[in-house]
Each structure stands twice: as C-alpha cells, then as structure tokens.
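A.B. asks: Just passing along the structure, written as structure tokens.
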Ligand SMILES: [Zn+2]
C-alpha cells in the first residue's frame with residue numbers, strides 16, 4: 010500500500026511498508042459498523058472522524074495494524090489508546106482500557122485493551138476507531154478493504170479532502 014499526500018512531490022517510498030506490517034484488520038473480532046466515517050466538508054466542520062463498531066463493555070480490542078503504542082490514557086471523559094504504525098499513520102480507539110503501555114510494540118490483531126465503560130458518542134456501547142495521517146482523518150473501512158489512499162490537499166481550494174483511489178497514486 011502506498012500512501013501519499015499532495016504537497017509532497019512523489020510518493021515517499023519509505024512509507025511503503027511490507028505486508029507483514031502494513032496489513033489492517035478491524036479492532037474487534039466481530040465487525041459490525043454502527044456509524045460510518047463521515048469526512049467533514051471543511052476541516053473545522055462537524056463530521057465523524059472514524060467509524061463506530063458495535064462492541065459491548067469488556068470486548069477485547071485488537072491492534073488494527075502493527076505499530077507502537079504512543080498514547081494510553083484519558084482524553085477529557087474517555088480512555089483512548091493510540092498506536093503509531095510504521096508508516097506514520099496513527100490509529101486511535103476509544104473508550105478502551107489499555108492492557109499495554111506506551112512504547113509497547115504491538116502486532117496486528119494483538120489484544121491491546123478492553124472496551125471500557127463510560128461516556129461515548131454512540132449507544133448503547135461501541136468502540137470508535139479513527140485513523141489519522143498527520144491531522145487528516147482517513148476512512149478506516151477503506152483501509153480494511155486494502156484501498157490505496159491518496160490525500161488531496163487543495164490550498165486555497167474547497168478545503169482539504171481525502172480521496173481514495175484503487176489505482177496507482179497520482
Ligand atoms: Zn465515532
């Protein structure tokens with residue numbers, strides 16, 4: 010998979026990782042989407058910057074991809090776990106009681122926590138999974154499908170958008 014951002018001249022070959030570390034999988038074993046990704050029309054507008062998956066409290070949460078835990082703690086009113094993948098993309102899942110510590114290396118599918126109690130933006134209980142490239146949010150479901158993601162940043166244009174291509178990066 011190649012991930013490139015407009016603004017860089019060429020796809021960065023250092024970000025093309027091997028199959029062993031680039032494979033994505035859902036952060037819960039039983040994948041049921043209760044709220045899809047909804048990219049905001051403008052970065053500052055409301056949207057849904059991730060996907061909500063049905064998961065009762067106590068459900069094991071799996072690393073969606075290999076990487077290193079970079080955050081495990083509370084953000085406002087909910088516990089969040091973030092994994093930085095080898096190409097720089099970051100996955101965050103919430104609310105999750107972490108079973109791993111910051112700095113831990115995780116493999117795709119490895120148990121990293123349990124779905125936590127607490128306020129969350131979907132009911133009755135779900136786990137929210139977001140994926141960021143810098144400050145741009147990607148649709149996790151497209152990553153699961155193995156799509157090649159191309160980021161199109163339009164300075165002075167209609168705002169930053171995320172496009173998805175199944176062909177080579179443009
Ligand atoms: Zn959500």
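Residue numbers (the working numbering): 10 to 179. Each residue gets a CB set at the ideal place from its N, CA and C atoms; glycine is no exception. Quick caveat, the model's predicted, so the values are computed rather than measured.
#1: If residue 89 and residue 70 are in contact, beta carbons under 8 Å, what's the gap, nearest whole angstrom?
#2: Following the continuous beta strand (DSSP E) through residue 69, name the residue where it begins and the one where it ends.
#3: Is the distance from the Cβ of residue 56 to the Cβ of residue 100 below 9 Å?
#4: For residue 110, tell me which candidate among 39, 152, 37, 80 has the shortest Cα-Cα distance.
#5: Residue 104 lies in the alpha helix (DSSP H); which residues open and close that run?
#6: Please name the residue or residues paired with residue 91 in a DSSP beta bridge.
#7: Drop a sphere of 10 angstroms on the beta-carbon of residue 50, count the other beta-carbons inside from all chains shown, and report buried for 16 or more, exposed for fewer.
#8: Look up residue 63 in the DSSP assignment and give the residues it is bridged to.
#9: For residue 147 versus residue 154, is the C-beta distance shorter than 9 Å?
#10: Does the Cβ of residue 166 have 16 or more other Cβ atoms within 10 Å, making it buried, or fewer, making it exposed?
#11: Would you call the CB atoms of residue 136 and residue 68 closer than 9 Å?
#12: Residues in the same chain with beta-carbon distance under 6 Å from residue 58, minus the five sequence neighbours each way, listed in chain order, please.
#13: Measuring straight from C-alpha to C-alpha, what distance separates residue 144 and residue 98?
#14: With burial defined as no fewer than 16 other Cβ atoms inside 10 Å of the residue's Cβ, what is the status of residue 53: buried or exposed?
#15: I need the boundaries of the alpha helix (DSSP H) containing residue 151, first residue and last residue.
#16: Given that a residue counts as buried once 16 or more other Cβ atoms are within 10 Å of its Cβ, and exposed if not, what is residue 74?
#17: Which residues does DSSP pair with residue 57 in a beta bridge?
C.D. replies: In terms of the structure at hand:
#1: The C-beta distance from residue 89 to residue 70 rounds to 11 Å, too long to fall under 8 Å, and the pair is not in contact.
#2: From DSSP, the beta strand (DSSP E) with residue 69 extends over 69 to 71.
#3: Taking a C-beta distance under 9 Å as the contact criterion, residue 56 and residue 100 do not qualify as a contact pair.
#4: Distance from the Cα of residue 110 is smallest, within the candidate group 39, 152, 37, 80, for 80.
#5: No alpha helix (DSSP H) holds residue 104; DSSP gives it neither H nor E.
#6: Paired residues: 80, 101.
#7: The residue is exposed, with fewer than 16 neighbouring Cβ atoms inside 10 Å.
#8: BP columns for residue 63 point to 135.
#9: At the C-beta level, residue 147 and residue 154 stay beyond 9 Å of one another.
#10: No answer about residue 166 holds up, because its pLDDT of 40 lies below 50 and its placement is not dependable.
#11: In contact: residue 136 and residue 68 (Cβ atoms closer than 9 Å).
#12: If you ignore the 5 residues before and after residue 58, its C-beta comes within less than 6 Å of the C-beta of 139, 146, all in its own chain and listed in chain order.
#13: One C-alpha to the other measures close to 10 Å.
#14: Residue 53 is exposed by the Cβ-count criterion.
#15: Where residue 151 is concerned, the enclosing alpha helix (DSSP H) stretches over 149 to 153.
#16: Burial state of residue 74 is buried, judged by a 10 Å Cβ sphere holding 16 or more other Cβ atoms.
#17: Within the DSSP bridge table, the entry for residue 57 names 47 as partners.
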